[in-house]
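Residue numbers (the working numbering): 80 to 504.
For glycine and all other residues, C-beta sits at the position ideal for the given N, C-alpha and C.
This report concerns only the one structure given below.
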Ligand SMILES: Cc1cc2nc3c(=O)[nH]c(=O)nc-3n(C[C@H](O)[C@H](O)[C@H](O)COP(=O)(O)O)c2cc1C
Ligand code: SF4
């Protein structure tokens, strides 16, 4: 397949075509027409269409969006809230920034349709603090949508009222996690908490709350336009639709690409990214961002497909693909990953707060080749303990890259023990 055949522009179709600061441009390309249709429907029918499409959340956990909407729709409680998660703190990801900067109304239209479906009257757009340009563009888009009657009181004379407020984060990665996000929105410090109950039942101010990723909301108008059944034909049985991938690292053409789900990592790297520079060899590829799994070159035929990836105990997460060529020191990469998560840990639970520090100490022993065989066992016990007992996804996923290096590049660790043994002799 060549690069033209690989790209499938649905969510990015307006990129470079419209001025993101102009609602007229968005409307000219068919924008807000799905909202105009949706507002005459029954909310349950809208949710049913999303369920048929089998759209799964694009924030990393791949939870079925229709089921989340249904849970909020059926939950008791007033008022209900909807939150667009645009915190995007995962290293390697920049898709949500592109979506906000290039087509903000697409996101807003998706949020309003979801809010209408569940009679939600208050919305928040939680934007990463560093995304100053994106926040300005979204703010401008919200004002324009209000002026046109798509937001505010009695939207399009339907009797339905809804508005969205922007909230900017303060730079903590953990605040992208839904409970930490809710805590900061309520004015508390950004710390995660135990689940259940989930936000759909007990979210913002203990009220039913729908939280979705920017890319997830962008899919909503397209599902209504195509119909759930047609949308489901895009992609694979377990992963429907398209996916925005953020290609970075040692790659000739890094950038944001939209592909049909089911595309292989190899095609994305070779055809869209044009491979690694200067004919070097790929050593390792990390999927989903710093908290995601790593794979060797021999596994690049794997597809962006949840079922296929689950067989290898992994997922494609929020869509980052970080390519590393044969110049990298794998343990150095692992150390930087873990340093990031240790720094970003909110400190609430011991496995994450202390365990990640212990992993760093062990990694240093391997890096300076003073590690013993027992350090390898200790490392494996630590990974298991942190993954299984941390309260939130930060701690649960933080050791993933170390775990996968032990699976696919074990010699990176064992070779450094052997060196130590021979040096002692
Ligand atoms: C540490 C951590 C950070 C997260 N950061 C984000 C983020 O920046 N954006 C996002 O959409 N989801 C993030 N998530 C996932 C959210 O908790 C939540 O699952 C997601 O917003 C739900 O949206 P979706 O169903 O549309 O994927 C993060 C999760 C964890 C554990
Ligand atoms: S896993 Fe880490 S970030 Fe999450 S609650 Fe525990 S200490 Fe905080």
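According to the Cβ coordinates, are residue i and residue j closer than 8 Å?
i	j	result
residue 481	residue 462	yes
residue 49	residue 131	Because the chain is modelled from 80 through 504, residue 49 falls outside the range shown and cannot be assessed.
residue 134	residue 407	no
residue 77	residue 90	With the chain running from 80 to 504 in the structure shown, residue 77 is simply not present.
residue 99	residue 216	yes
residue 204	residue 165	yes
residue 259	residue 249	no
residue 326	residue 351	yes
residue 314	residue 283	no
residue 445	residue 467	no
residue 64	residue 138	An answer regarding residue 64 cannot be provided, because it is not within the stretch 80 to 504 covered by the chain.
residue 274	residue 159	no
residue 172	residue 394	no
residue 62	residue 289	The requested residue 62 is not part of the displayed model; the chain covers only 80 to 504.
Is residue i near ligand 2, going by C-beta to nearest heavy atom under 7 Å?
i	result
residue 399	no
residue 136	no
residue 473	yes
residue 251	no
residue 270	yes
residue 469	yes
residue 198	no
By DSSP's criteria, residue i is part of a beta bridge. Which residues make up the other side?
i	result
residue 288	160
residue 338	86 and 322
residue 327	401
residue 365	373 and 401
residue 511	Any question about residue 511 goes unanswered here, given that the chain covers just 80 to 504.
residue 314	319
Would you check whether ligand 1 has a heavy atom nearer than 7 Å to the C-beta of residue i?
i	result
residue 290	yes
residue 263	no
residue 194	no
residue 164	yes
residue 142	yes
residue 168	yes
residue 139	yes
residue 149	no
residue 247	no
residue 343	no
Looking at residue i and ligand 3, is the gap between the Cβ and the nearest heavy atom below 7 Å?
i	result
residue 314	Ligand 3 is not among the ligands present in this structure, which contains only ligand 1 and ligand 2.
Could you name each continuous alpha helix (DSSP H) segment of 4 residues or more that falls completely within the segment 391 to 476, going from the start of the chain to the end? For the alpha helix (DSSP H) assignment, the uninterrupted runs of no fewer than 4 residues enclosed by the segment 391 to 476 are, from N- to C-terminal side, 409 to 423, 429 to 446, 452 to 468 and 472 to 476.
Please list the segments of the beta strand (DSSP E) lying wholly inside the segment 195 to 247, counting only runs of 3 or more residues, in order along the chain. The qualifying runs are 201 to 206 and 242 to 247.
Please list the segments of the beta strand (DSSP E) lying wholly inside the segment 122 to 180, counting only runs of 3 or more residues, in order along the chain. Listed in chain order, they are 160 to 165.
Using 8 Å as the cut-off, can you tell me whether the segment 418 to 436 makes contact with the segment 235 to 242, which would need three or more C-beta pairs spanning the two stretches below that distance? Because the criterion of three Cβ pairs below 8 Å is not met, the segment 418 to 436 and the segment 235 to 242 do not touch.
State whether the segment 103 to 120 contacts the segment 200 to 214, with contact taken as three or more CB pairs (one from each stretch) at a distance under 8 Å. No: the two stretches stay apart, fewer than three of their Cβ pairs being nearer than 8 Å.
Pairs of beta-carbons, one from the segment 396 to 403 and one from the segment 363 to 382, closer than 8 Å: are there three or more? The segment 396 to 403 and the segment 363 to 382 touch, with no fewer than 3 CB-CB distances between them shorter than 8 Å.
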